[in-house]
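For the sequence shown, the UniProt record's numbering assigns the number 1 to the initial residue and increments by one for each residue that follows.
Think of the CB as a built atom: it goes at the ideal place given N, C-alpha and C, for glycine as much as any other residue.
This report concerns only the one structure given below.
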Amino acid sequence: MQTRRIRWHIAVFLAPAVLVYTAVMILPLFNTLRLALFTEVDQARVYVGLENFRTLFLDPLWSAQFWNALGNNFWFFLIHMLVQNPIGIALAAILSHPRLRFAALYRSAIFIPTILSFVIVGFAWKLILSPLWGIAPSMLDAVGLKSLFAPWLGKEEYALTTLALVSVWQFVGIPMMLIYAALLSIPEEILEAGEIDGITGASAFWKIKLPLILPSIGIISILTFVGNFNAFDLIYVSQGALAGPDFSTDILGTFMYRTFFGFQLQLGDPYMGSAIAGAMFAIILVGVCIYLFGIQTRMRRYQL
Numbered sequence: 001m002q003t004r005r006i007r008w009h010i011a012v013f014l015a016p017a018v019l020v021y022t023a024v025m026i027l028p029l030f031n032t033l034r035l036a037l038f039t040e041v042d043q044a045r046v047y048v049g050l051e052n053f054r055t056l057f058l059d060p061l062w063s064a065q066f067w068n069a070l071g072n073n074f075w076f077f078l079i080h081m082l083v084q085n086p087i088g089i090a091l092a093a094i095l096s097h098p099r100l101r102f103a104a105l106y107r108s109a110i111f112i113p114t115i116l117s118f119v120i121v122g123f124a125w126k127l128i129l130s131p132l133w134g135i136a137p138s139m140l141d142a143v144g145l146k147s148l149f150a151p152w153l154g155k156e157e158y159a160l161t162t163l164a165l166v167s168v169w170q171f172v173g174i175p176m177m178l179i180y181a182a183l184l185s186i187p188e189e190i191l192e193a194g195e196i197d198g199i200t201g202a203s204a205f206w207k208i209k210l211p212l213i214l215p216s217i218g219i220i221s222i223l224t225f226v227g228n229f230n231a232f233d234l235i236y237v238s239q240g241a242l243a244g245p246d247f248s249t250d251i252l253g254t255f256m257y258r259t260f261f262g263f264q265l266q267l268g269d270p271y272m273g274s275a276i277a278g279a280m281f282a283i284i285l286v287g288v289c290i291y292l293f294g295i296q297t298r299m300r301r302y303q304l
């Protein structure tokens, strides 16, 4: 009887990556969750269990900020799901057309903003949308729409939506490229069989291509969810740590930053900051599990 050979070289090659990932991701994560179970009393660390989470969710001083940031995070994510991903899918469908000229140039132009720094993007759009020296008023005036201009980053009802659309502009290239790759991986035999049955043009996309790229759309949805609930950079660069005006753009990332490190006259509280980070981790974990369950259910329906 032939014994199965143990492939030790796989473990040897994986070991450096696993060690680095454990050192910079796994250990800090568990240490943060552990820190959320303590507080400081008379300059001494005291174990309080889940008391920090109770304070975060129920204490009026903390809960108002937390639920406001959580609601803003959901709105930030919803705009990306309803605007960024459908536009990315549409662009991928257009750019995957074999007769489109300069498709490579268009793909590069759309994808370039994703490699730009958040600092550059946030500062540039802040200048563009400025009512004093920005080019947005003059551009709208050139097409006769200057009456539609408003200081979008300075109004509570518009600021978060404006920043979400700026983020959409920056990252629409990621779902576009992922869906583009998925469309190119569809076997030509399937499309040719559809043409024989009279399924061409837009109907081919809805009836043939879309069901086949659903796994890629599911992955994009998960990445969008995780990325949006970890968002911080664009809000911080554009609106500062206080996420103005009047915390209307405050999300969990900026709320955790102010709490953990402190800002201006607010002292840093690493224990409550860790509790916020733990709540963020739980929300992301639950959200990803729900998405995976939903994707599995849809795939089973299509298989049936």
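**Message:** Less than 8 Å between the beta carbons of residue 122 and residue 265, yes or no?
**Reply:** The answer is no: Cβ separation not under 8 Å.
**Message:** Check for me: the alpha helix (DSSP H) holding residue 90 runs from which residue to which?
**Reply:** Its alpha helix (DSSP H) spans residues 85-95.
**Prompt:** Going along the chain, which residues of its own chain have a beta-carbon closer than 8 Å to the beta-carbon of residue 291, five neighbours each way excluded?
**Reply:** Take residue 291, set aside five residues on each side of it, and the residues of its chain with a beta-carbon closer than 8 Å to its own are 218, 221, 222 and 225, in chain order.
**Asked** Going by C-alpha distance, which of 252, 156 and 8 is nearest residue 246?
**Response** Residue 156 is the option with its Cα nearest to residue 246.
**Item:** Candidates 249, 132 and 186: closest to residue 149 by CA position
**Value:** Ranked by how close their Cα comes to the Cα of residue 149, the residues 249, 132 and 186 have 132 in first place.
**Asked** Exposed or buried, residue 20, counting other C-beta atoms within 10 Å across all chains shown (16 or more means buried)?
**Response** Exposed, by the Cβ-count rule.
**Prompt:** Are the region 33-49 and the region 268-280 in contact at 8 Å, needing three or more beta carbon pairs?
**Reply:** The region 33-49 vs the region 268-280: in contact.
**Request:** For the alpha helix (DSSP H) holding residue 45, just list the boundary residues, first then last.
**Result:** Element bounds for residue 45: not the alpha helix (DSSP H) but the beta strand (DSSP E), 44-47.
**Asked** Do you know offhand how far residue 9's Cα is from residue 15's?
**Response** Their backbone Cα atoms lie some 10 Å apart in a straight line.
**Request:** Confirm, please, whether the CB-CB distance from residue 238 to residue 153 is below 8 Å.
**Result:** In this structure, residue 238 lies closer than 8 Å to residue 153 by Cβ.
**Message:** I'd like to know if the region 80-94 and the region 166-186 are in contact, where contact means that at least 3 CB-CB pairs between them fall below 8 Å.
**Reply:** Touching, yes, given that three or more Cβ pairs across the two stretches are closer than 8 Å.
**Asked** Is the beta carbon of residue 228 less than 8 Å from the beta carbon of residue 66?
**Response** Cβ distance not < 8 Å, so residue 228 and residue 66 don't count as in contact.
**Where residue 266 sits in the DSSP three-state scheme** = Residue 266 sits in a strand when the DSSP states are folded into three classes.
**Prompt:** Distance, Cα to Cα, residue 138 vs residue 82?
**Reply:** Each residue's alpha carbon lies about 29 Å from the other.
**Prompt:** Is residue 172 helix, strand or coil by DSSP?
**Reply:** Here residue 172 carries a coil assignment [DSSP, helix/strand/coil].
**Request:** Just the C-alpha distance for residue 79 and residue 171, rounded to the nearest angstrom, thanks.
**Result:** Across the structure, residue 79 and residue 171 are spaced so that their CA atoms are roughly 12 Å apart.
**Burial state of residue 258 (16 or more Cβ within 10 Å)** = With 16 or more other CB atoms across the displayed protein chains lying within 10 angstroms of its CB, residue 258 is buried.
**Request:** Please work out which residues of its chain come closer than 6 Å, Cβ to Cβ, to residue 167, disregarding the five sequence neighbours upstream and downstream, and give them in chain order.
**Result:** The answer, listed in chain order, is 234.
**Prompt:** How far does the alpha helix (DSSP H) with residue 32 in it reach, from first residue to last?
**Reply:** Here the alpha helix (DSSP H) through residue 32 covers 27-35.
**Asked** When you compare only the Cα positions, how much space is there between residue 56 and residue 201?
**Response** Going from the Cα of residue 56 to the Cα of residue 201 covers about 53 Å.
**Asked** With DSSP run on the structure shown, which of helix, strand or coil describes residue 38?
**Response** Three-state result, residue 38: strand.
**Request:** Could you check what DSSP says for residue 149 in three-state terms: helix, strand or coil?
**Result:** Of the three classes helix, strand and coil, the one that applies to residue 149 here is coil, per DSSP.
**Asked** Which residue from 169, 251 and 294 puts its Cα closest to that of residue 85?
**Response** Cα-wise, what sits closest to residue 85 is 169.
**Message:** Please state the DSSP three-state secondary structure of residue 22.
**Reply:** The answer is helix: DSSP assigns residue 22 an H, G or I state.
**Message:** Which of the three DSSP states is assigned to residue 126 in this structure?
**Reply:** Note: residue 126 maps to helix in three-state DSSP.
**Message:** Less than 8 Å between C-beta atoms, sequence neighbours within five positions excluded: which residues of the same chain meet that for residue 129?
**Reply:** The beta carbon of residue 129 sits closer than 8 Å to the beta carbons of 136, 151, 152, 153 and 162 from its chain, once the five residues preceding and following it are set aside; these are given in chain order.
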